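Let me begin by presenting the structure, written as structure tokens, before commenting on it.
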Amino acid sequence: MKKLFKYFNTAKKELIVLPIFIIIEVIFEILIPVFMSKLIDLGVNPKDAAGVALDPNRQQIFLWGGLMIVSAIIALIFGVIVTRIAARISTEFGHNLRQAQFEKIQDFSFENIDKFKTSSLVTRMSLDVSNIQQSLNMMLRVALRSPALLLFSIIAISIFAGKLALLFLIVIPILVIGFYFVITRAHKYFLKMFERLDNLNLTIQEDLIGVRTVKSFVREDYEIKRFEKATTDVRDVAIKAEKIIIFNRPLMQFSIGLSFILIGWFGAKMIVVGDLTEGQFANTITYINQVLFSLLMISQVFLMFAMSKASIGRISEVLDEVPYLKEKDHPDHNVLDGSFKFDNVSFKYGDLDGKYVLENINLNVPSGSVVGIFGSTGTGKSTLVQLLSRLYDVDKGTIYVGGKDVKDYSFEALRKEVILVLQKNVLFSGTVRENIQWGKQDATDEEIIAVLKKAQAYDFVMKMEKGLDTWIEQGGVNVSGGQRQRLTIARALIADPKILILDDSTSAVDTKTDSKIREALKNESPEMTKVVISQRLSSIEDSDIIIIMDENGINATGAHDDLYKNNEMYKMIYDAQSQAKEVEQ
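Structural data, given as structure tokens:
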């Protein structure tokens, strides 16, 4: 929890004045029973301390009654102020905490992101932060007020009915032991509940993202059952937590009943012998209510803390996560050209014990080259190009871009010049123009139109009702797969990188359009190094260098003619694809 204190930095003044206002509120709340007891004594037993009868005139009644009303109003005013301040502090804290997590996630490498599920990160930034925010709001109002009210009430009971204060030595230990049992048992169930909420969010997310696939395979019933299981798991553990929490109420009721029995018994005896007046007995009852209510509120604070403690731990995991990738203290901000080199590079993912995805890779590509990469699924094609833009760090060897180790560059400089377009790249909710401007924020319409033409996206964008101002839904669901791929290519081209990587980024595009895109890139961006990953050899046969990959890494490299003559696997696949293409035509 101490690590999170820095997120109070925007509410330091409020944190200073809040305890002062709470103490003022409690003091005036404690005074109300005192004035009330004076009124009761005037009406029931109008005698002074020496036993002399008094005449309860209007002046005395108005005096004590007026003081009681004024105290109530002042306590109310400060109570409202405290509530508003607590709400502002907790809301600001929640905002800072959510912002800190989001900024931290932006620094994560792919390895860090692989460690957390997307659904879990969503839960941590939404539900977990909300839990902490609500708990903090309650704690700020109650965590200081209830102990202060408890302390002042016991002091008041000691002053007006000293012997009765000893009764709390019986009641308070019972409550403390009971509350401790409830809180410690409930905490472990809250941890389980949040884990199952992560799984529930994952189920919802997968179903919403894959809704078209679900309907295509008529898997609605299966998804309903899967969701039912996930939500039942959450319900079951929540019920277990609630079964423990409900002990709070009977425990509190037992303590209240026991307190009133003991106070009624001993208080009556004290009134009979003259050690206690009726008014003092009445305000003692009020103070006892305040003591017990304070204890109840303190128990609620601990319960909220038990729930928020689980959330605090989960959020701390994100904030304490150390990014796997780090920049040098003084990184280079200038990538000279689009050349790149793999020097004896080996790489494995963190969850693969000792097994390298790529091993002893050596490759040298001049700037301005067109590189084609072909291979079956699982041969490391995407991994190879992700290493190039340093989305992961190599385990062995060195990768050079523009003649320098990729680790020498700042992330911003490297990734602005090495841009990767994925097969399933994402479009964001916004206009066509805004999506293209992700690559260059100040891009003009003329520049946008130029890259749309290169990506063969100009015609269909102009046919849209609002052209560049056409709204794209989240994920680009209102455009076809091929249109989405062409827009993401245009978004990459607007950045004018030195190395452009197309990772099977034209898989949803017909061969004719694919050919036009390749021709435009070759003729209009000759200085740019192009790396094209494709399952269609026709898409990469014009490349300067073609890389054939298999489960052992790079099987062969060379131009199309050389590979066709000298590599049996390449020749066989190329002929098979060419025949299939002829049949389709």
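The sequence shown maps to residues 81 to 665 in this note's numbering.
Quick reminder that beta carbons are idealized off the backbone N, C-alpha and C, glycines included.
Because the structure is a prediction, the values reported are computed rather than measured.
Coil, strand or helix - residue i by DSSP
i    : result
G477 : strand
A639 : coil
T366 : helix
M652 : helix
N279 : helix
F420 : strand
L356 : coil
F261 : helix
K243 : helix
I104 : helix
G483 : coil
I153 : helix
E407 : coil
L438 : strand
K320 : helix
E604 : helix
Q380 : helix
T669 : With the chain covering 81 to 665 only, the question about residue 669 has no answer from this structure.
G562 : helix
K223 : Checking the sequence shown, residue 223 turns out to be Ala, not Lys. DSSP places A223 in coil when its eight states are reduced to three.
A535 : coil
K197 : coil
S462 : helix
Buried/exposed call for residue i, threshold 16 Cβ in 10 Å
i    : result
V97  : exposed
W551 : exposed
F190 : exposed
P577 : buried
F115 : buried
T264 : exposed
F142 : exposed
I341 : exposed
E621 : buried
Y489 : buried
L249 : exposed
R164 : exposed
E492 : exposed
A656 : exposed
K543 : exposed
Y260 : exposed
V352 : exposed
A130 : With a pLDDT of 49 at A130, under the threshold of 50, the modelled position of that residue is not reliable, and no figure is offered here.
K389 : buried
F240 : buried
K461 : buried
Best match in the options for proximity to residue i [C-alpha to C-alpha]
i    : options                : result
Q659 : K408, F270, L617, D488 : L617
R315 : F274, Y302, I336       : F274
V415 : W551, V262, R495, G519 : R495
I252 : K578, L372, K421, P446 : L372
N440 : I479, L249, I395       : I479
M629 : V353, R513, N442       : N442
F173 : S388, V589, A91        : A91
L567 : N281, F540, N444       : F540
L438 : P446, K428, N444       : K428
L464 : D423, E492, K504       : D423
T457 : R470, L288, S614       : S614
L255 : I336, I284, M205       : I336
R221 : I103, D590, L271       : I103
I284 : S199, F240, R299       : S199
A636 : S462, V451, N505, F508 : V451
I625 : K406, E358, D642       : D642
T203 : D278, D187, L247       : D278
Opposing strand residues paired with residue i [DSSP bridges]
i    : result
Y489 : D412
L21  : Nothing can be reported for residue 21, as the shown portion of the chain is limited to 81 through 665.
F454 : I628
T511 : W551
S426 : K476
V445 : F420
G633 : D630
8 Å Cβ cutoff met for residue i and residue j
i    : j    : result
D473 : S426 : no
F158 : F101 : yes
N676 : S117 : The structure shown has nothing for residue 676, since the chain only spans 81 to 665.
L375 : L201 : no
N192 : P403 : yes
I516 : I499 : no
Q181 : L399 : yes
L507 : G556 : yes
T366 : P113 : yes
V501 : I569 : yes
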